[in-house]
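Data block below; observations after.
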Amino acid sequence: MERRRKVSNPLALAVLVYLMAESTHIYELGRRLQEQGKDRSIKYNRGSLYMVVEQLRKAGFVAEQVTVRDTPRPERTIYQITEAGRTELYDWMRELVAIPREEYPYFGVALSLLAVLAPAEGVELLGRRLATLGEQAEEVRGVLRQAAEDDVLWVFLAEERYRLALLEAEIRFVTDLVESLRDPAYERSWQLMKENLT
Numbered sequence: 001m002e003r004r005r006k007v008s009n010p011l012a013l014a015v016l017v018y019l020m021a022e023s024t025h026i027y028e029l030g031r032r033l034q035e036q037g038k039d040r041s042i043k044y045n046r047g048s049l050y051m052v053v054e055q056l057r058k059a060g061f062v063a064e065q066v067t068v069r070d071t072p073r074p075e076r077t078i079y080q081i082t083e084a085g086r087t088e089l090y091d092w093m094r095e096l097v098a099i100p101r102e103e104y105p106y107f108g109v110a111l112s113l114l115a116v117l118a119p120a121e122g123v124e125l126l127g128r129r130l131a132t133l134g135e136q137a138e139e140v141r142g143v144l145r146q147a148a149e150d151d152v153l154w155v156f157l158a159e160e161r162y163r164l165a166l167l168e169a170e171i172r173f174v175t176d177l178v179e180s181l182r183d184p185a186y187e188r189s190w191q192l193m194k195e196n197l198t
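Residues 1 to 198 (UniProt numbering) are what the sequence shown spells out, left to right.
Next comes the structure, spelled out in structure tokens:
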């Protein structure tokens, strides 16, 4: 069963993982997240990163280790994960990996209301979506090819492989949906439905 978390933002989980590897300051956390492509899976900006670290600190999952001024830049606070933070990290990871979670993507909302659009317009819009999905899938394939050339261990590519599997599944689904919208029987049904509503 899904547990209510003191800090539930997925960015918090990434922060805990990175602090488990090494105590550091927020600016460096942001640099590492971006450098390792985590911004492709976790939505964040510098402000949200500061906010999440503060939430983790208040929850007792991270603690200030020391404040340093080792460059001409302003002072930086180095954070470390606490024992409670380690426990939370492993508990949360186990939950996320083991328990499917109901998610409510915007596209699912659009699909549930698709009949409001004329079939031809639906086909045109889904065609645009297919083009974008194809570009995104090719981008991920490029990331995976480069990673293979760089001998990146497969476990560090799991999120990209998952992203590609989802993109490929959506491409198949949308392609089938376009064919269904082009079916003359659906066009007739849609016209009748429209007439009955007006």
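Even glycine gets a Cβ: it sits at the ideal position worked out from N, Cα and C.
DSSP, reduced to helix, strand and coil, places T67 within a strand of the structure shown.
Here Y79 is bridged, per DSSP, to T24, E64. In this structure, R46 sits near G30, with a CB-CB distance shorter than 7 Å.
Within the same chain, and ignoring the five residues on either side of T87 in sequence, no residue has its Cβ closer than 7 Å to its Cβ.
Judged by DSSP secondary structure, W190 falls within the alpha helix (DSSP H) whose first and last residues are 184-197. DSSP places K6 outside both helix and strand once states are collapsed to three, so it counts as coil. In the three-state reduction of the DSSP assignment, R128 falls in the helix class. Scanning M51, E138, T67, S112 for the CA closest to the CA of P10 turns up M51. In this structure, V140 places its C-beta atom within 7 Å of the C-beta atom of R163.
Counting the other CB atoms within 10 Å of its CB gives I99 a total below 16, which places it among the exposed residues. Here the alpha carbons of V17 and L114 stand approximately 40 Å from one another.
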